[in-house]
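Colleague: The structure's right below; bear with me while I get my questions together.
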Amino acid sequence: MDSHSVSVAMRWLYVALFGLLAHAVASRVRQYLRLRRFKGPGAWSWWWHSKAVISGAAHQYYGDVTENYGPIARIAPNHLITSSPELWTKINAVRSPYTRASWYYHAARFEPGKDNVFTECDNAKHDARRKKLASGYSGKESVALEPTIDTHIKELVHLIRSKYAAPAPSITPAKPMDLASTIQYLTLDVVSELSLGKPFGDLKADKDVNDYLKASADGLRIGNVAWALGTLWLRDLPIIGPAISPSEKDASGFGRMMGEARKIIDERRAKPTDEKSDILASFIRNGVSGEDLFHEVFEQILAGADTTAGAIRATMLFLMSHPRVYKKLQAEIDEAVKSGAAPPSPDIISDAEARRLPYLAAVVREGMRVHPPAVNIFSRVAPPEGDAVTVDGKEYFIPGGTMVGYSAWSMHKNNTSVYGSDAEVFRPERWLLNENIPEEKERLARMMRVNDLVFGYGRWVCLGKGVAMIEIHKALFELLRNFDFAITNPHKPWDVYNMLGLWDINDMPVNVTERS
Numbered sequence: 001m002d003s004h005s006v007s008v009a010m011r012w013l014y015v016a017l018f019g020l021l022a023h024a025v026a027s028r029v030r031q032y033l034r035l036r037r038f039k040g041p042g043a044w045s046w047w048w049h050s051k052a053v054i055s056g057a058a059h060q061y062y063g064d065v066t067e068n069y070g071p072i073a074r075i076a077p078n079h080l081i082t083s084s085p086e087l088w089t090k091i092n093a094v095r096s097p098y099t100r101a102s103w104y105y106h107a108a109r110f111e112p113g114k115d116n117v118f119t120e121c122d123n124a125k126h127d128a129r130r131k132k133l134a135s136g137y138s139g140k141e142s143v144a145l146e147p148t149i150d151t152h153i154k155e156l157v158h159l160i161r162s163k164y165a166a167p168a169p170s171i172t173p174a175k176p177m178d179l180a181s182t183i184q185y186l187t188l189d190v191v192s193e194l195s196l197g198k199p200f201g202d203l204k205a206d207k208d209v210n211d212y213l214k215a216s217a218d219g220l221r222i223g224n225v226a227w228a229l230g231t232l233w234l235r236d237l238p239i240i241g242p243a244i245s246p247s248e249k250d251a252s253g254f255g256r257m258m259g260e261a262r263k264i265i266d267e268r269r270a271k272p273t274d275e276k277s278d279i280l281a282s283f284i285r286n287g288v289s290g291e292d293l294f295h296e297v298f299e300q301i302l303a304g305a306d307t308t309a310g311a312i313r314a315t316m317l318f319l320m321s322h323p324r325v326y327k328k329l330q331a332e333i334d335e336a337v338k339s340g341a342a343p344p345s346p347d348i349i350s351d352a353e354a355r356r357l358p359y360l361a362a363v364v365r366e367g368m369r370v371h372p373p374a375v376n377i378f379s380r381v382a383p384p385e386g387d388a389v390t391v392d393g394k395e396y397f398i399p400g401g402t403m404v405g406y407s408a409w410s411m412h413k414n415n416t417s418v419y420g421s422d423a424e425v426f427r428p429e430r431w432l433l434n435e436n437i438p439e440e441k442e443r444l445a446r447m448m449r450v451n452d453l454v455f456g457y458g459r460w461v462c463l464g465k466g467v468a469m470i471e472i473h474k475a476l477f478e479l480l481r482n483f484d485f486a487i488t489n490p491h492k493p494w495d496v497y498n499m500l501g502l503w504d505i506n507d508m509p510v511n512v513t514e515r516s
């Protein structure tokens, strides 16, 4: 090729490169202009959001944005976030035209290309799945739901008493117990038995059997980074995808957990469902079959264990950090035992009696408020025609295709307009308002409506809410009935990291003393 031809080729290359650059700039400018009314750190680039996710503290980043820029703000070129309970309720209503954003939800798949009720982004398919699952989650067809929870809470109490608790009134504690691990053993055993009819056995072994929990946390961390960097598409490639994904043939970890779950599901599917009435049997009876059955059961195990454990551990940390609240709750628990509302130990208080204890109920609500059990962004996509909304008296138009997410930290923990000027403070008494005073009754009703949003709302409300609340109330009651807890390292009580909105909590040593 002569020099003239080379020169012409180079000119065309420069023109092509300039054209691509101009197109990219024009596209970014158009994207910026679509949402120019919304202020925030992500107007031009996704970099801010990637940094927030990788930090493991995305919930705090989202909270800071809505506090600095208002209750609806911009965190990426095509993504808004809101701390407005009213707007979030509207977006999630049963007949809402919004859809789930595959950008977020497909990052939570545990197998490429396969959905469950949490990751399904098609509204019609999602609604159809929920109808089949509702009876199992509600307990209507799971007669052993509460007794199963009681069995494992008894195991929890026995483990602590036999291995970690110093006898009262000893002032020399036994070895510290990692409350983070122990509570997760409880929730995983509960949800695995409710889902599969057989617990994984972590509480009895006092360890992470087959490294299920470690593998789950490792997988979530990898997924968190891949989501932040936009590299999740690698999982869908024919050769690379299988190579980097867990396999049911693995000897341990996440793949082993999937393999064991599938084995149990296949065995149960071959038997009549009236032999054992639990959640799995309910799913089968209501038409959940094939790969859908496996994915729904496995999703319940993963999501149910993490979120419930997060709620119990966070509430316990705040109780141990606030002696006044701790003593007041323990006094209510002792009175319930004295009055006969709770049976003598080792039997477990019933859910009905636990729900009648006003201060326990207040502590549970306050624990989930100051440290929501799930801080997922839960991105939704505005309908193609867009949506006119009103937020704090201001009117906005959200263009079609725009993603809108949820800031749990500023909607709950820091929300002074709903919870009062001391919203950052752990104070369960805020829930004990006088319902005979109209103003207090109205305020309490609003607080409860907003607090309930930690479990979602409308079309996407959490199916496992009922099971989680039974477990949380019972666990807190029995822990404080039987033992006294103290933080071993007050300067660093735990390690906590946000992975796709779920809490990875580790290294939470506590000293335990048996109560006389």
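Residue numbers (UniProt numbering): 1 to 516. Glycine residues also receive a C-beta, built at the ideal position from the N, C-alpha and C atoms. Predicted model, so just to flag it, every value in this text is computed and none were measured.
Using DSSP with H/G/I as helix, E/B as strand and the rest coil, what is F283?
Modeller: Translated into the one-based positions of the sequence shown, residue 283 becomes position 283. Looking at F283 - three-state DSSP - the assignment turns out to be helix.
Colleague: Quick one: residues in its chain with C-beta nearer than 6 angstroms to the C-beta of Y164, no 5 flanking neighbours on either side, listed in chain order?
Modeller: Within the sequence shown, the letter at position 164 stands for residue 164. The answer, listed in chain order, is A174, M177, V512.
Colleague: Beta-carbon within less than 7 angstroms of H23's beta-carbon, same chain only, minus the 5 sequence neighbours each way: which residues are those?
Modeller: For the purposes of this step, residue 23 is taken as the residue at position 23 of the sequence shown. Model confidence at H23 stands at a pLDDT of 49, short of 50, so the residue's coordinates are unreliable; what they give is reported in the following sentence. If we look at H23 and ignore the five residues flanking it on each side, it has no Cβ neighbours.
Colleague: Tell me, please, which residues DSSP counts as bridged to P509.
Modeller: The residue you call residue 509 lines up with position 509 of the sequence shown. Bridge partners of P509: D178.
Colleague: Which residue wins for smallest C-alpha separation from L196, given the options G113, P399, Q300, S50?
Modeller: As a first step, residue 196 must be located in the sequence shown, where it is residue number 196. Answer by Cα proximity: Q300.
Colleague: Quick check: what's the CA-CA separation for V325 versus G113?
Modeller: As a first step, residue 325 must be located in the sequence shown, where it is residue number 325. As a first step, residue 113 must be located in the sequence shown, where it is residue number 113. If I take the Cα positions, the gap works out to 47 angstroms.
Colleague: Label W47 either buried or exposed according to how many other C-beta atoms from any shown protein chain fall within 10 Å of its C-beta, with 16 as the threshold for buried.
Modeller: On the sequence shown, position 47 is the one that residue 47 refers to. It counts as exposed.
Colleague: Is it buried or exposed, R268, if we count other Cβ atoms within 10 angstroms and call 16 or more buried?
Modeller: Sequence index remark: in the sequence shown, residue 268 carries index 268 (1-based). Buried, by the Cβ-count rule.
Colleague: First and last residue of the alpha helix (DSSP H) that includes A362?
Modeller: Numbered from its first residue, the sequence shown carries residue 362 at position 362. Taken as a continuous stretch (DSSP letters only), the alpha helix (DSSP H) holding A362 covers 358-370.
Colleague: Can you list, in chain order, the residues of its chain whose CB lies under 7 angstroms from that of G386, leaving out five sequence neighbours each side?
Modeller: In the sequence shown, the residue the question calls residue 386 occupies position 386. Cβ within range, chain order: F397, I398, P399, G400.
Colleague: According to DSSP, simplified to helix, strand and coil, what is K214?
Modeller: Your numbering for residue 214 matches position 214 in the sequence shown. K214: helix per DSSP, three-state reduction.
Colleague: Can you tell me which of V225, K198, Q184 puts its alpha carbon nearest to the alpha carbon of D211?
Modeller: What you label residue 211 is simply residue 211 of the sequence shown in a count that begins at 1. Considering only alpha carbons, the answer is Q184.
Colleague: Helix, strand or coil: how does DSSP classify G42 here?
Modeller: In the sequence shown, counting from the first residue as 1, residue 42 sits at position 42. DSSP places G42 in coil when its eight states are reduced to three.
Colleague: Return the CA-CA distance between G223 and W503, expressed in angstroms with no decimal places.
Modeller: Here the question's residue 223 lines up with position 223 in the sequence shown. Here the question's residue 503 lines up with position 503 in the sequence shown. The straight-line gap from Cα to Cα measures roughly 14 angstroms.
Colleague: Using the three-state DSSP reduction, which class does K131 fall into: helix, strand or coil?
Modeller: Numbered from 1 along the sequence shown, position 131 holds the residue referred to as residue 131. Here K131 sits in helix by DSSP.
Colleague: For A217, does the count of other Cβ atoms within 10 angstroms reach 16, so buried, or fall short, so exposed?
Modeller: Along the sequence shown, read from residue 1 onward, the residue named residue 217 stands at position 217. Classification of A217: buried, given that the 10 Å Cβ count is 16 or more.
Colleague: Which two residues bound the contiguous beta strand (DSSP E) that contains V389?
Modeller: Your numbering for residue 389 matches position 389 in the sequence shown. That run of the beta strand (DSSP E) goes 387-391.
Colleague: Classify V288 as helix, strand or coil using the three-state DSSP reduction.
Modeller: Working through the sequence shown from its first residue, we reach residue 288 at position 288. V288 falls in the coil class under three-state DSSP.
Colleague: What does DSSP give as the partner residue(s) for G405 in the beta ladder?
Modeller: On the sequence shown, position 405 is the one that residue 405 refers to. Looking at the DSSP assignment, G405 forms a beta bridge with I81.
Colleague: Could you tell me if A73 is buried or exposed, where buried requires 16 or more neighbouring beta carbons within 10 angstroms of its beta carbon?
Modeller: Stepping through the sequence shown from its first residue, residue 73 is reached at position 73. Buried.
Colleague: Nearest to S282 by CA position, among L194, K327, D206, is which residue?
Modeller: As a first step, residue 282 must be located in the sequence shown, where it is residue number 282. Nearest option by C-alpha distance: L194.
Colleague: Beta carbon of L186, beta carbon of F200: below 8 angstroms?
Modeller: As a working mapping, residue 186 is identified with position 186 in the sequence shown. As a working mapping, residue 200 is identified with position 200 in the sequence shown. Not a contact, by the Cβ cut-off of 8 angstroms.
Colleague: Are three or more beta carbon pairs between the stretch 340-353 and the stretch 401-416 nearer than 8 angstroms?
Modeller: The stretch 340-353, when compared against the stretch 401-416, does not touch it at the 8 angstroms Cβ threshold.
Colleague: Enumerate in chain order the residues of its own chain whose CB-to-CB distance from M448 is below 7 angstroms, with the five nearest sequence positions on each side excluded.
Modeller: Against the sequence shown, residue 448 aligns to sequence position 448. Here the set comprises nothing.
Colleague: Taking all protein chains shown into account, decide if V425 is buried (16 or more other Cβ within 10 angstroms of its Cβ) or exposed.
Modeller: By 1-based counting over the sequence shown, the position of residue 425 is 425. The residue in question, V425, is exposed, as its Cβ has fewer than 16 Cβ neighbours within 10 Å.
Colleague: Between which two residues does the alpha helix (DSSP H) containing K249 stretch?
Modeller: Numbered from 1 along the sequence shown, position 249 holds the residue referred to as residue 249. Where K249 is concerned, there is no enclosing alpha helix (DSSP H), given that its DSSP letter is neither H nor E.
Colleague: When DSSP labels each residue in this structure, what does T187 get in the three-state scheme?
Modeller: Residue numbering aside, residue 187 sits at position 187 when the sequence shown is read from its first letter. Residue state, collapsed to three classes: helix.
Colleague: Drop a sphere of 10 angstroms on the beta-carbon of W233, count the other beta-carbons inside from all chains shown, and report buried for 16 or more, exposed for fewer.
Modeller: As a working note, residue 233 is residue 233 in the sequence shown. Counting Cβ neighbours within 10 Å, W233 comes out exposed, since fewer than 16 surround it.
Colleague: Looking at A180 and I505, is the spacing between their C-beta atoms short of 8 angstroms?
Modeller: For the purposes of this step, residue 505 is taken as residue 505 along the sequence shown, with counting starting at 1. For the purposes of this step, residue 180 is taken as residue 180 along the sequence shown, with counting starting at 1. Contact: yes.
Colleague: Measuring only from the beta carbon, is N489 closer than 7 angstroms to any heavy atom that is part of the ligand MG?
Modeller: Among the components modelled here there is no ligand, and therefore nothing to report on the ligand MG.
Colleague: Quick check on V117: does DSSP put it in helix, strand or coil?
Modeller: Residue mapping note: residue 117 aligns to position 117 of the sequence shown, counting from 1. The answer is coil: DSSP assigns V117 none of H, G, I, E or B.
Colleague: Need the endpoints of the alpha helix (DSSP H) that E440 sits in, please.
Modeller: For the purposes of this step, residue 440 is taken as residue 440 along the sequence shown, with counting starting at 1. Residues 438-451.
Colleague: Among residues of its own chain, excluding the 5 on either side of M499, which ones have a beta-carbon nearer than 8 angstroms to its beta-carbon?
Modeller: By 1-based counting over the sequence shown, the position of residue 499 is 499. G56, A217, L220, R221, G223, N224, listed in sequence order.
Colleague: What distance in whole Å lies between the Cβ atoms of A354 and K474, which are believed to be in contact at a cut-off of 8 angstroms?
Modeller: Position 474 of the sequence shown holds residue 474. Position 354 of the sequence shown holds residue 354. Yes, K474 and A354 are in contact; Cβ-Cβ is about 6 angstroms, under 8 angstroms.
Colleague: For E442, tell me which candidate among G304, H412, V418 has the shortest Cα-Cα distance.
Modeller: Your numbering for residue 442 matches position 442 in the sequence shown. It is V418.
Colleague: Would you report the Cα separation of K204 and T151, rounded to the nearest angstrom?
Modeller: Within the sequence shown, the letter at position 204 stands for residue 204. Within the sequence shown, the letter at position 151 stands for residue 151. Approximately 12 angstroms, taken between the alpha carbons.
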